[in-house]
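Worksheet: the structure to be examined is printed underneath.
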Amino acid sequence: MKNVQISEELFIALLKYHLVEIDDVLPEIKKGLEEKLEAMVRRDLYTKYKTAPTEEEREKARQEYLEKVGMYRSFRW
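In structure tokens:
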């Protein structure tokens, strides 16, 4: 299993919610976890793009990565 690093702010918000039972931090936690998940997905797509065994798979992963980061088709090569 891989390890995942989160920001100190997100970690503290998680502690507040789970240990001190402060519900006010839920939006902050949700936002932080969504951002982290998006970063993990982008990183996975980039890794697939760089390590794909065939040119076809590499190009498919590259296009998926560019879609995910929001690069417009007109800016792509």
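The sequence shown begins at 1 in the UniProt record's numbering and counts up by one.
All residues carry an ideal CB built from backbone N, CA and C; glycine is no exception.
These numbers were taken from a predicted model, which means no experiment stands behind them.
Exercise for review: Compare the beta carbon distance of residue 19 and residue 29 with 8 Å and say whether it is the shorter of the two.
Suggested key: no
Practice item. Determine the closest residue to residue 3 out of 36, 17, 12, with distance taken between C-alpha atoms. Key: 36
Point to revise | Alpha-carbon spacing of residue 32 relative to residue 54, whole angstroms | key: 35 Å
Review point. In terms of residues, what are the limits of the alpha helix (DSSP H) holding residue 20?
Key: It is not in any alpha helix (DSSP H) - residue 20 carries neither H nor E in the DSSP assignment.
Review point. For residue 52, does the three-state DSSP call read helix, strand or coil?
Key: coil
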